[in-house]
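S.K.: Chains as they are written, first to last, in UniProt numbering: chain A, 1 to 212; chain B, 1 to 212.
A virtual CB, placed ideally from N, CA and C, is assigned to each residue, including glycine.
Just so it is clear, the structure is predicted and the values come from calculations on it, not from any experiment.
There are 2 protein chains.
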Amino acid sequence: MTEERKISMAVIRRLPRYYRYLGELLDNGVTKISSRELSEKMKVTASQIRQDLNNFGGFGQQGYGYNVEYLHKEIGKILGLENTHSMIIVGVGNLGQALANYTSFEKRGFNLIGLFDVNPRLVGMSIRGIEVLDIDKMEEFVKEHKVDIAILTMPKTKVKETAENLAKWGVRGLWNFSPVDLFVPDGVQVENVHLSHSLMTLAYRINECEGE
Amino acid sequence: MTEERKISMAVIRRLPRYYRYLGELLDNGVTKISSRELSEKMKVTASQIRQDLNNFGGFGQQGYGYNVEYLHKEIGKILGLENTHSMIIVGVGNLGQALANYTSFEKRGFNLIGLFDVNPRLVGMSIRGIEVLDIDKMEEFVKEHKVDIAILTMPKTKVKETAENLAKWGVRGLWNFSPVDLFVPDGVQVENVHLSHSLMTLAYRINECEGE
DNA sequence: TAGATTGTTAATCGATTAACAATC
DNA sequence: TAGATTGTTAATCGATTAACAATC
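(1) Tell me whether the segment 118-128 of chain A and the segment 57-65 of chain A touch, counting them as touching only if at least three CB pairs, one residue from each stretch, are closer than 8 Å.
(2) Beta-carbon of Thr201 (chain A) versus every beta-carbon of chain B: anything under 8 Å?
(3) From Leu71 (chain B) to Met87 (chain B), what does the alpha carbon distance come to, in whole angstroms?
(4) I'd like to check one pair, Leu81 (chain A) with Gly109 (chain A): are the Cβ atoms closer than 8 Å?
(5) Within 8 Å of any Cβ in chain B, is that where the Cβ of Asp117 (chain A) sits?
(6) What residue does the alpha helix (DSSP H) around Val142 (chain A) start on, and which one ends it?
(7) Label Thr201 (chain A) either buried or exposed according to how many other C-beta atoms from any shown protein chain fall within 10 Å of its C-beta, with 16 as the threshold for buried.
(8) Would you please state the rounded distance, in angstroms, between the beta carbons of Leu152 (chain A) and Leu174 (chain A)? I believe it to be under 8 Å.
(9) From Gly93 (chain A) to Met154 (chain A), what does the alpha carbon distance come to, in whole angstroms?
(10) Could you tell me the alpha carbon to alpha carbon distance between Pro16 (chain A) and Ala167 (chain A), rounded to whole angstroms?
(11) Since residue 282 (chain A) and Leu99 (chain A) are thought to touch, with beta carbons under 8 Å apart, how far apart are those beta carbons, to the nearest angstrom?
(12) Three-state secondary structure (DSSP) at Gly211 (chain A)?
(13) Which residue's Cα is closest to the Cα of Gln51 (chain A): A:Cys209, A:Val11, A:Arg20 and A:Leu22?
(14) Among residues of its own chain, excluding the 5 on either side of Leu79 (chain B), which ones have a beta-carbon nearer than 8 Å to its beta-carbon?
(15) Measuring only the C-alpha atoms, how far is Ser39 (chain B) from Ile49 (chain B)?
(16) Report the rounded CA-to-CA distance for Ile75 (chain A) versus Val184 (chain B), giving the unit in angstroms.
(17) Counting contacts by CB-CB distance shorter than 8 Å, is Pro179 (chain B) in contact with chain A?
(18) Return helix, strand or coil for Gln48 (chain B), following the three-state DSSP convention.
(19) Apart from the five residues on each side of it in sequence, which residues of its chain come closer than 8 Å, Cβ to Cβ, to Lys84 (chain B)?
(20) For the segment 146-172 of chain B, which residues have a beta carbon sitting closer than 8 Å to at least one beta carbon of chain A?
(21) Grab the span of the alpha helix (DSSP H) containing Asn101 (chain B) for me, first residue to last.
(22) For the alpha helix (DSSP H) that Leu26 (chain B) lies in, which residues bound it at each end?
(23) Among B:Lys146, B:His145, B:Glu139 and B:Pro179, which one has its Cα closest to the Cα of Glu164 (chain B)?
(24) What did DSSP end up calling Tyr64 (chain B) once you bin it into helix, strand or coil?
(25) Drop a sphere of 10 angstroms on the beta-carbon of Glu191 (chain A), count the other beta-carbons inside from all chains shown, and report buried for 16 or more, exposed for fewer.
(26) At a Cβ threshold of 8 Å, is Tyr70 (chain A) touching chain B?
(27) Please list, in chain order, all residues of the same chain as Trp169 (chain B) whose beta carbon is under 7 Å from its beta carbon, the five residues on each side excluded.
(28) What residues in the segment 92-115 of chain A bring their beta carbon closer than 9 Å to a beta carbon of chain B?
(29) Using Cβ-Cβ distances below 8 Å, what residues of the segment 51-78 of chain B are close to chain A?
(30) Tell me the rounded alpha-carbon separation between Leu53 (chain B) and Ser35 (chain B).
(31) Would you say Ile130 (chain B) lies against chain A (beta-carbon separation less than 8 Å)?
(32) Helix, strand or coil for Val190 (chain B) per DSSP?
(33) If you run the structure through DSSP and keep just helix, strand and coil, what is Glu37 (chain A)?
(34) Inspect the beta-carbon positions of Ile206 (chain A) and Arg172 (chain B) and report whether they are closer than 8 Å.
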């Protein structure tokens with residue numbers, strides 16, 4: 001596959017937001033929108049919207065604007081939402097269970113196919129029809145099923161080793177919820193959700209803006 | 001308070017990571033570190049570390065480097081971690097419960113003091129000694145207790161209204177887990193955790209890097 | 001056609017990196 | 001003092017915004 005140009009992460013991270021807004025417009029029966037109108041709703045510049053979209057092609061029409069349904073669909077394609085993705089959860093504690101119970105991921109084609117934990121109390125339990133397996137069974141499972149994404153919601157002590165193994169066994173995406181930085185081989189993508197970092201930056205801003 | 005200069009969010013978002021690494025060094029008994037050594041560990045440039053830190057003052061010593069304990073403590077102060085912060089959770093579903101059970105926030109001074117939900121089945125239940133109250137009691141509670149941060153883990157339909165109310169009642173930080181953009185008055189800080197966005201960007205990268 | 005709005009180039013702004021004088 | 005490393009200025013790089021020609 002010949003990539004024309006590397007798209008910056010700043011752009012990529014804005015795409016889901018565009019996708020969400022366009023979805024809402026679609027639900028409200030809006031058929032067309034200009035970059036200016038969308039920019040006012042989203043509180044960004046129209047220039048940025050047009051630049052962002054033109055990284056991927058010309059989706060609009062001069063003098064008219066953008067067809068909402070078409071643009072929504074195209075951004076979905078860019079994000080890879082026309083494919084389904086299979087996921088497993090490694091670590092079925094509080095957070096793992098919460099994510100396992102999320103049904104909205106499925107709507108976007110993210111299907112949960114496996115749950116793993118070391119805790120014998122959890123093994124054998126089922127969440128939404130999926131049985132929690134012992135972590136010893138994970139290698140076999142991953143090699144047998146095509147696993148696109150592993151959700152890492154386990155204690156941080158074992159994350160590094162687990163991530164290395166999963167990468168070795170062919171998992172291409174790691175959604176990491178541990179406060180640990182994973183350095184994995186090329187070709188494996190890591191997306192971190194550092195809740196404690198997020199909370200700390202909120203604390204900073206609260207303290208900074210005291211008395212504003 | 002006279003702010004000298006506006007610090008960019010890019011810098012702020014790196015601070016928790018510095019804080020974490022320095023904490024680890026501290027635990028390992030490391031007493032001093034140079035920006036170069038730290039940069040190698042963290043895979044960032046030494047220049048960036050020095051620039052970032054010098055936004056807040058000179059914490060190092062020429063020819064020596066940085067004292068790990070001192071720097072760790074100072075970054076903690078910058079992030080506001082020497083203060084405690086009181087938090088409530090609004091919406092005690094799967095994710096709300098998971099966050100309520102997190103004990104690690106407490107270690108950093110983030111104390112949970114209230115839980116609220118509309119669901120009569122959840123009201124009256126206790127998590128870690130905190131009773132879930134009916135959402136009708138929230139206004140009174142917030143006005144009586146000093147609430148710094150509200151964690152919004154409720155269905156998205158009610159988030160906008162709830163956020164506006166909480167802001168009105170004096171809550172200064174909103175940690176928002178709903179796929180909704182909140183536009184609140186100045187002085188109220190919003191930190192979004194858009195899990196679905198995070199997952200979509202991971203999907204994009206997996207698809208993009210196919211065959212790499 | 002005239003008006004509107006895109007796609008795209010150019011200008012600006014901000015963030016990152018490099019370089020080096022200051023100094024421990 | 002000599003060596004090391006910071007703090008800080010200058011250079012570069014990238015991202016955002018502005019402007020406008022293309023065109024529907």
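M.R.: Looking at the coordinates:
(1) no
(2) yes
(3) 27 Å
(4) yes
(5) no
(6) Met138 to Glu144
(7) buried
(8) 6 Å
(9) 7 Å
(10) 26 Å
(11) There is simply no residue 282 (chain A) to check, as chain A begins at 1 and stops at 212 in what is shown.
(12) Unreliable placement is indicated for Gly211 (chain A), whose pLDDT of 48 sits below 50; no coordinate value is reported for it.
(13) A:Val11
(14) Leu15, Pro16 and Tyr19
(15) 7 Å
(16) 28 Å
(17) yes
(18) helix
(19) Reading off the sequence shown, one finds Thr at residue 84 (chain B), where the question assumed Lys. Cβ within range, chain order: Gly109, Phe110 and Asn111.
(20) Asp148, Ile149 and Arg172
(21) Asn94 to Asn101
(22) Met9 to Asp27
(23) B:Glu139
(24) coil
(25) buried
(26) no
(27) Glu139, Val142 and Lys143
(28) Gly93, Asn94, Leu95, Gly96, Gln97, Ala98, Leu99, Ala100, Asn101, Tyr102, Ser104, Phe105, Arg108, Gly109 and Phe110
(29) Ile78
(30) 10 Å
(31) no
(32) strand
(33) helix
(34) yes
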